[in-house]
Structure formats: structure tokens, C-alpha cells
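Have a look at the structure below, then the notes.
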Amino acid sequence: MEDSRASEYLMHFGLSRQEALVYEQLLARGKQTGYEIARNTRISRSNAYTSLAALVEKGAAYLVEESAKKYIPVPPEEFCGNRIRRMEEEQRWLCKNLPREESEEDGYITVDGEDNIRDRIHNLLEKAEERVYLSCSADCLEQMREILSVLREKGRKIVLITDRPFALEGAVVYVTEEKDSQIGLITDSRYVLSGEYGPGSMNTCLYSGQKNFVRLFKSALANEIELIKIRKGETENE
Numbered sequence: 001m002e003d004s005r006a007s008e009y010l011m012h013f014g015l016s017r018q019e020a021l022v023y024e025q026l027l028a029r030g031k032q033t034g035y036e037i038a039r040n041t042r043i044s045r046s047n048a049y050t051s052l053a054a055l056v057e058k059g060a061a062y063l064v065e066e067s068a069k070k071y072i073p074v075p076p077e078e079f080c081g082n083r084i085r086r087m088e089e090e091q092r093w094l095c096k097n098l099p100r101e102e103s104e105e106d107g108y109i110t111v112d113g114e115d116n117i118r119d120r121i122h123n124l125l126e127k128a129e130e131r132v133y134l135s136c137s138a139d140c141l142e143q144m145r146e147i148l149s150v151l152r153e154k155g156r157k158i159v160l161i162t163d164r165p166f167a168l169e170g171a172v173v174y175v176t177e178e179k180d181s182q183i184g185l186i187t188d189s190r191y192v193l194s195g196e197y198g199p200g201s202m203n204t205c206l207y208s209g210q211k212n213f214v215r216l217f218k219s220a221l222a223n224e225i226e227l228i229k230i231r232k233g234e235t236e237n238e
């Protein structure tokens with residue numbers, strides 16, 4: 001396991017960086033005192049005890065009363081599972097009780113950052129009720145294979161435009177020129193996301209439910225598909 005990735009992911013579950021370090025130490029060595037944690041992690045004893053108390057409070061460790069106070073880790077699947085379950089309960093409450101204005105997403109929204117774009121794509125695909133048109137590289141499609149497969153199982157129409165052969169049962173796939181980091185997505189002829197996405201790119205996309213923009217982008221994809229068909233016909237006739 002990469003230490004940096006483990007710490008980053010644990011921070012997503014509510015631990016500070018130092019608490020994540022102490023938690024990893026408990027998982028690696030088992031039951032320990034605060035003194036042992038401080039010695040093995042090379043942090044001060046006061047910081048070690050503060051982190052251990054926080055881990056107990058957050059449900060990531062248990063305190064064992066022996067001749068000396070020792071701490072044992074809660075297994076990660078249990079700790080993370082508990083956090084996810086509580087957050088899902090809180091999400092349901094917030095969605096039900098927070099005030100919000102119901103309005104059409106007819107503006108133009110800039111989505112910056114690889115993680116934010118990935119989340120926006122996932123949410124758009126997850127909510128698709130009828131059809132998905134997606135234009136991007138084959139490498140990008142591989143990241144979405146699982147959710148695209150789920151959509152196909154649900155009977156959604158999926159049309160893919162990509163730069164290498166891509167096998168997805170039930171999907172219509174068109175192979176064209178190199179896509180690099182360019183991505184274009186339309187769901188249910190209602191929402192569009194377009195821009196650059198992926199490692200090494202600017203990771204900036206435009207997202208909108210504006211009808212004229214959706215219509216324009218849909219027409220551009222249709223024209224690209226027709227061009228691919230023409231080129232394929234020319235190749236087959238050579």
C-alpha cells in the first residue's frame with residue numbers, strides 16, 4: 001500500500017493527516033501504548049495521545065484498559081463502513097430538510113479539476129434515464145466501463161465515439177481519430193459536458209442544460225458520426 005495514498009484516503013473518512021499516520025501504525029503493529037506510538041511514528045507523546053483520543057472518538061480505535069492504557073485499531077472495513085453508513089443517513093436528512101430552489105440548469109457552469117469533472121460525469125451517467133452519447137479517448141472510457149455496463153443492463157442507449165476499438169456489449173461504438181484529453185457527453189438530450197479531462201490536461205469542462213447549447217452540441221456529434229461513416233465507407237471501397 002502506498003503510504004501517501006492511504007493517508008489521503010483516510011483523510012476522506014474524517015481523519016487528520018497525523019491521525020491517519022497513527023491509525024496506520026496501529027494497523028501495522030497492533031495493540032500499543034501512546035508512548036510506543038510516539039516512539040514508532042516519531043511524533044511527540046502529547047500529539048500521539050491527542051491523535052489516539054481522536055481515533056477513539058471517531059470510531060477508528062478502541063482503548064484497552066490494562067496495566068497501561070493501550071489502543072487497538074478498528075478494522076478499516078468496519079471503520080469506513082460505519083462512516084459511510086452514517087454519512088448516507090445524514091445525506092438523506094440533508095436532502096430532505098435543506099431549503100433549495102427548484103430551477104432548470106440552463107446556465108453555463110465551469111467545472112475545474114480532475115476529481116470534480118469525474119464526479120460530474122459519474123452523476124450525469126448515473127441519472128441518465130434514456131440515452132448517453134459520449135465522445136472521449138478509449139483510456140477515458142476504460143475508467144467508466146463499470147457504470148456504462150450498468151447503464152446498458154438498465155436498458156439505456158449508449159453511443160460511444162472514441163479513438164480505438166472499445167468492446168461494450170449493447171453499445172454502438174464509432175472509432176475515429178485521436179481524442180487525446182477531449183471529452184464530450186450528452187445525457188437524455190438534456191445535459192452537456194464538454195472540455196478537457198484526464199492526466200496532463202487542463203481539466204476544465206463546461207457543463208450546461210441550456211437547450212440551444214445542447215442542441216448545438218448534439219448536432220456536432222451527429223455530424224462527427226456521419227463523417228466517420230463516410231470515411232469508413234471510403235476505406236471499405238478502396
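When the count follows the working numbering, it moves up by one through the sequence shown with no breaks and lands on 238 for the last residue. Cβ coordinates follow ideal geometry from the N, Cα and C atoms, glycine included.
Span of the beta strand (DSSP E) around D112:
Taking the sequence shown and counting its residues from 1, one reaches residue 112 at position 112. Y108 to D112 is the extent of the beta strand (DSSP E) around D112.
Which residue or residues does DSSP assign as beta-bridge partners of T187?
Residue 187 sits at position 187 when you count from the first residue of the sequence shown. Looking at the DSSP assignment, T187 forms a beta bridge with V132 and Y191.
Which residue from V132, L55 and R86 puts its Cα closest to that of V74?
Here residue 74 refers to the residue found at position 74 of the sequence shown. When only C-alpha atoms are compared, the closest one is L55.
Taking all protein chains shown into account, decide if V172 is buried (16 or more other Cβ within 10 angstroms of its Cβ) or exposed.
Position 172 of the sequence shown holds residue 172. Exposed.
Buried or exposed for Q91, please, with buried defined as at least 16 other CB atoms from any protein chain shown within 10 angstroms of its CB.
Along the sequence shown, read from residue 1 onward, the residue named residue 91 stands at position 91. It counts as exposed.
Taking all protein chains shown into account, do 16 or more other C-beta atoms lie within 10 angstroms of the C-beta of E24, making it buried, or fewer, making it exposed?
Along the sequence shown, read from residue 1 onward, the residue named residue 24 stands at position 24. It counts as buried.
Rounded distance between the beta-carbons of S16 and G107, thought under 8 Å
On the sequence shown, residue 107 is found 107 positions in, with the first residue counted as 1. On the sequence shown, residue 16 is found 16 positions in, with the first residue counted as 1. Not really, about 37 Å apart at Cβ, beyond 8 Å.
Please state whether DSSP places M1 in a helix, a strand or coil.
By 1-based counting over the sequence shown, the position of residue 1 is 1. Reliability of the predicted coordinates at M1 is poor, the pLDDT of 45 falling under 50, and the value obtained from them is presented with this limitation in mind. DSSP places M1 in coil when its eight states are reduced to three.
Measure the beta-carbon distance from I228 to T176 and round it to whole angstroms, keeping in mind my assumption that it falls under 8 Å.
Position 228 of the sequence shown holds residue 228. Position 176 of the sequence shown holds residue 176. Yes, they are in contact, since the Cβ atoms of I228 and T176 sit about 5 Å apart, within 8 Å.
Closest Cα partner of T33 within the set E57, K69 and S46
The residue you call residue 33 lines up with position 33 of the sequence shown. Nearest option by C-alpha distance: K69.
Looking at L193 and L168, is the spacing between their C-beta atoms short of 7 Å?
Mapped onto the sequence shown, residue 168 falls at position 168. Mapped onto the sequence shown, residue 193 falls at position 193. Cβ distance not < 7 Å, so L168 and L193 don't count as in contact.
Curious, which full-length beta strand (DSSP E) runs of at least 3 residues does the stretch 43–125 contain?
61–64, 70–73 and 108–112
Enumerate in chain order the residues of its own chain whose CB-to-CB distance from C80 is below 6 Å, with the five nearest sequence positions on each side excluded.
Your numbering for residue 80 matches position 80 in the sequence shown. Around C80: F13.
Where does E19 sit, in a helix, a strand or coil, going by DSSP?
Here residue 19 refers to the residue found at position 19 of the sequence shown. It is helical.
Buried or exposed: where does L52 fall if 16 or more other Cβ atoms within 10 Å of its Cβ makes it buried?
As a working note, residue 52 is residue 52 in the sequence shown. That one is buried.
Can you tell me which of E36, E19, A28 and S67 puts its alpha carbon nearest to the alpha carbon of G59?
As a working note, residue 59 is residue 59 in the sequence shown. Among E36, E19, A28 and S67, the Cα nearest to that of G59 belongs to E19.
Taking the beta carbon of I230 as the centre, do at least 16 other beta carbons fall within 10 Å, making it buried, or is it exposed?
On the sequence shown, position 230 is the one that residue 230 refers to. That one is exposed.
Quick check on DSSP: helix, strand or coil for E169?
Position 169 of the sequence shown, counted from the start, is the residue given in the question as residue 169. Residue state, collapsed to three classes: coil.
L185, buried or exposed, once every other Cβ within 10 Å from all chains shown has been counted against 16
Within the sequence shown, the letter at position 185 stands for residue 185. Buried, since its Cβ has 16 or more Cβ neighbours within 10 Å.
Apart from the five residues on each side of it in sequence, which residues of its chain come closer than 7 Å, Cβ to Cβ, to I43?
Residue mapping note: residue 43 aligns to position 43 of the sequence shown, counting from 1. So the list reads Q18, once near-sequence residues are dropped.
Could you check which residue in G195, S181, M202 and P99 has the C-alpha nearest to that of I109?
Counting from one through the sequence shown, the residue named residue 109 turns up at place 109. I109 has its Cα closest to that of G195, out of G195, S181, M202 and P99.
Short check: CB of K157 to CB of R131, under 7 Å?
Translated into the one-based positions of the sequence shown, residue 157 becomes position 157. Translated into the one-based positions of the sequence shown, residue 131 becomes position 131. Yes, the pair counts as a contact, with Cβ atoms nearer than the cut-off.
Relative to the alpha-carbon of G170, which residue among S219, E153 and C95 has its alpha-carbon at the smallest distance?
Position 170 of the sequence shown holds residue 170. It is E153.
Residue from V111, L151, A128 and D180 with nearest C-alpha to S137
Position 137 of the sequence shown holds residue 137. Ranking V111, L151, A128 and D180 by Cα distance to S137 puts D180 first.
Integer Cβ distance of A61 from L26, believed to fall under 8 Å
Position 61 of the sequence shown, counted from the start, is the residue given in the question as residue 61. Position 26 of the sequence shown, counted from the start, is the residue given in the question as residue 26. About 6 Å separates the two Cβ atoms, so the contact holds.
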